[in-house]
Amino acid sequence: MAIPDDIIPTLTPEPLETIAPKIKDGDILLCAAHDPFSRLIAWATKAPWSHVAIAYRWPELNRVMAFEAVQKLGVRAVPIEKFITQTSDGTTPYPGDIILARHDKWGDRKLTDGKLQHFADFAVDQFGDPFAAMEIAKIGLRVALSRFVDHLPKALEPKDEYICSEYAAKCFEQAGITIEWDGLGFIAPADFAHDPAVQAVARFKTQ
383 MAIPDDIIPT
393 LTPEPLETIA
403 PKIKDGDILL
413 CAAHDPFSRL
423 IAWATKAPWS
433 HVAIAYRWPE
443 LNRVMAFEAV
453 QKLGVRAVPI
463 EKFITQTSDG
473 TTPYPGDIIL
483 ARHDKWGDRK
493 LTDGKLQHFA
503 DFAVDQFGDP
513 FAAMEIAKIG
523 LRVALSRFVD
533 HLPKALEPKD
543 EYICSEYAAK
553 CFEQAGITIE
563 WDGLGFIAPA
573 DFAHDPAVQA
583 VARFKTQ
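Residue numbers (the working numbering): 383 to 589.
Spelled out as structure tokens, the structure:
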């Protein structure tokens with residue numbers, strides 16, 4: 383179905399307690415923020431979507447977590463309550479909008495029952511130390527250059543450092559799900575929104 387770039391005003395913001403029961407493992411948290419790095423991504427992709435994370439339940443702790451890759455901190459997990467109320471650098475309230483979205487293939491239990499564990503294992507195995515300064519610079523160059531070149535130099539391709547959407551796409555691959563994109567530059571948050579199999583579920587009230 384895909385998510386149009388102008389969908390945000392058409393969805394009524396709902397509090398977390400209303401949306402939480404609807405959240406499924408592997409749901410997409412699609413963000414449109416206004417901080418400098420988010421503006422860079424939006425500029426590079428000509429779309430409002432600046433960040434993407436993955437929702438995943440932690441039953442033992444009665445928590446819904448957001449798995450994400452963020453500038454300076456690297457790959458991490460945070461409670462969704464924190465994810466929707468502040469940025470990774472602590473800015474609050476969250477400077478933008480957040481959509482809960484879902485890939486249609488998560489409804490195919492034959493696909494996901496056997497592979498959800500691979501999805502989760504990969505996502506967690508990427509948790510680690512903060513990115514070094516050179517890794518952050520490499521991510522920034524990958525994003526900025528993608529506006530001007532079709533194919534990035536091999537030296538700029540991701541290895542252990544990811545922009546958020548690259549991390550999320552790799553997680554989805556573990557479940558046999560490929561996010562459609564043009565293969566040019568880098569896979570971006572906008573590619574998740576524009577994938578025909580992704581649909582909007584709800585809009586979080588962030589303030």
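Positions of the beta carbon are idealized from the N, C-alpha and C atoms, including for glycine.
Are the beta-carbon atoms of residue 506 and residue 554 separated by less than 9 Å? The answer is no: Cβ separation not under 9 Å.
Check each candidate in 568, 408 and 438 and name the one with the smallest Cα separation from residue 522. Relative to the Cα of residue 522, the nearest Cα in the group 568, 408 and 438 belongs to 568.
Quick check on the burial criterion: 16 or more other C-beta atoms within 10 angstroms. Buried or exposed for residue 440? Around the beta carbon of residue 440, fewer than 16 other beta carbons sit within 10 angstroms, so the residue counts as exposed.
Rounding to the nearest angstrom, what Cα-Cα distance links residue 478 and residue 536 in this structure? Their Cα atoms are separated by approximately 33 Å.
Between which two residues does the beta strand (DSSP E) containing residue 508 stretch? Note, residue 508: premise wrong, no beta strand (DSSP E); not H, not E.
Three-way DSSP call (helix, strand, coil) for residue 525 in this model: Of the three classes helix, strand and coil, the one that applies to residue 525 here is helix, per DSSP.
Cβ-Cβ separation, residue 411 to residue 518 (assumed contact under 8 Å), whole Å: The pair is not a contact, with the Cβ atoms about 22 Å apart (cut-off 8 Å).
State the Cα-Cα distance for the pair residue 584 and residue 509, rounded to the nearest angstrom. Distance between the alpha carbons of residue 584 and residue 509 is about 28 Å.
Short of 6 Å in beta carbon distance, which residues of its chain neighbour residue 429, apart from the five on each side in sequence? Order them along the chain. Take residue 429, set aside five residues on each side of it, and the residues of its chain with a beta-carbon closer than 6 Å to its own are 387 and 572, in chain order.
Three-state class that DSSP yields for residue 481 in the structure shown: In the displayed model, residue 481 falls within a strand according to three-state DSSP.
Could you check which residue in 586, 560, 462 and 417 has the C-alpha nearest to that of residue 443? The shortest CA-to-CA distance from residue 443 to any of 586, 560, 462 and 417 is the one to 462.
Would you mind giving the Cβ-Cβ distance between residue 405 and residue 437, rounded to the nearest angstrom? I have them listed as a contact below 8 Å. Sure, about 5 Å apart at Cβ, within 8 Å.
Could you tell me the distance, in whole angstroms, from the CA atom of residue 501 to the CA atom of residue 549? Residue 501 and residue 549 have their C-alpha atoms spaced approximately 11 Å apart.
Cross-strand partners of residue 438 (DSSP beta bridge): Bridge partners of residue 438: 447.
I need the DSSP call for residue 410, collapsed to helix, strand or coil. Note: residue 410 maps to strand in three-state DSSP.
Count the other CB atoms, across all protein chains shown, that sit within 10 Å of the CB of residue 454; report buried if there are 16 or more and exposed otherwise. By the 16-neighbour rule on beta-carbons within 10 angstroms, residue 454 is exposed.
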